[in-house]
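Single-structure report; data block below.
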Amino acid sequence: MKNETPNLPNLDDPLDELLRGADEYISDNGFTARVLTALPAGRRHSWRRFVMLSMAALVCVILVAWQLPAAIAMLNAIPRHWSAFQWQMLLTFLPMLTALVSLGWVVFALVNEEE
Amino acid sequence: MSFTDADLIARVLLREDQNAFGELVRRYQSPVRGFLAKMSNGDTHLADDLAQEAFLKVWKKLSTFRGEGKFSTWLFGIAHNEWRMHARGRKELALAELADQPPEPQQGEAASASRLRMDLAEAMKLLTAAERAAIVLCCQNGLSHEEAALALECPLGTVKTNLLRGKEKLRRCLCV
Chain A
1 MKNETPNLPN LDDPLDELLR GADEYISDNG FTARVLTALP AGRRHSWRRF VMLSMAALVC
61 VILVAWQLPA AIAMLNAIPR HWSAFQWQML LTFLPMLTAL VSLGWVVFAL VNEEE
Chain B
1 MSFTDADLIA RVLLREDQNA FGELVRRYQS PVRGFLAKMS NGDTHLADDL AQEAFLKVWK
61 KLSTFRGEGK FSTWLFGIAH NEWRMHARGR KELALAELAD QPPEPQQGEA ASASRLRMDL
121 AEAMKLLTAA ERAAIVLCCQ NGLSHEEAAL ALECPLGTVK TNLLRGKEKL RRCLCV
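Protein chains in written order, with this note's numbering: chain A, 1 to 115; chain B, 1 to 176.
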């Protein structure tokens, strides 16, 4: 426990008395209701977001799994046929790369769920 | 049955209980709105807008409240930040610091009469923002100097100095 400076009002000080007396209670007048209405949707929204992101992740995984054998075969073939290698061949990796980047983003979004 | 702040906070964190949060808002709306109204030189509409933003921020950031100090101290800190961001946005803070230099006390009977006419609310406007914040938190909301320093994010010595200077200026303006 920190040693705090006591802040006891000085009862003999007219200024302290004046300050204490000037602190009037402000009636709610619908303020709390306005705050509660303005609250973000909360868990319902988060749950929907979670489902959407999970679906996106699933699609990404399927795409990666679908492209993976072809990508591995191509990577294995490159050293053996280096003379025939063309840079355009790298374009075939584009869907795979896109799916991987998307998957990374989805995982990042799921982990950082705080809005 | 009356719940403590800690009970209500736990309910909000565990179940996102809006009723518990509503109880917290009801409990603290008056001091927070009052504090912001004084910081905004009596502009109650602005104060209410800032207070609403502060409570929404509390709802979003409640999980970061570690419970080391009082909830009210943490809440006043958020409210003060809201006001500071608003003031910075409108460049009011810099202007306020320049313009809030209180006039030198006048001499003579006419001056005394005018001082007596000046009420506390008007006198508070003559303080700098930092002095006003220290006085409202310590003298009107019962925060200790340490708690006020925590809420205002400034050194303890600064709070004490602002409090003394502010009170001295008020005494001169109000002749008390």
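Even glycine gets a Cβ: it sits at the ideal position worked out from N, Cα and C.
The region 37–44 of chain B makes no contact with the region 144–155 of chain B: fewer than 3 CB pairs, one atom from each, lie closer than 8 Å. Listed along chain B, the residues sitting closer than 8 Å to Arg-20/A by beta-carbon distance are Cys-139 and Gln-140. In this structure, Gly-77/B and Leu-150/B form a Cβ contact; the two beta carbons are roughly 7 Å apart against a cut-off of 8 Å.
CA-CA distance, Asp-12/A to Cys-139/B, rounds to 14 Å.
Cβ neighbours of Val-51/A within its own chain (closer than 6 Å, five residues either side excluded): none.
Taking C-beta atoms as the reference points, Trp-83/B and Leu-50/B count as a pair closer than 7 Å.
For Gly-42/B, same chain residues with a beta-carbon under 8 Å away, outside a window of 5 residues either side, are Ala-121 and Lys-125 in chain order. Taken atom to atom, the span from the alpha-carbon of Ala-130/B to that of Cys-175/B is near 22 Å. Contact of Val-176/B with chain A by beta-carbon distance below 7 Å involves Pro-14, Leu-15 and Leu-18. Considering only Leu-62/B, Ser-72/B and Gln-29/B, the residue with the shortest C-alpha distance to Asp-17/B is Leu-62/B. Closest in alpha carbon position to Met-96/A, among Pro-79/A, Pro-69/A, Trp-82/A and Ala-109/A, is Pro-69/A. Counting C-beta pairs closer than 8 Å gives fewer than three between the region 60–69 of chain A and the region 17–29 of chain A, which falls short of the contact rule.
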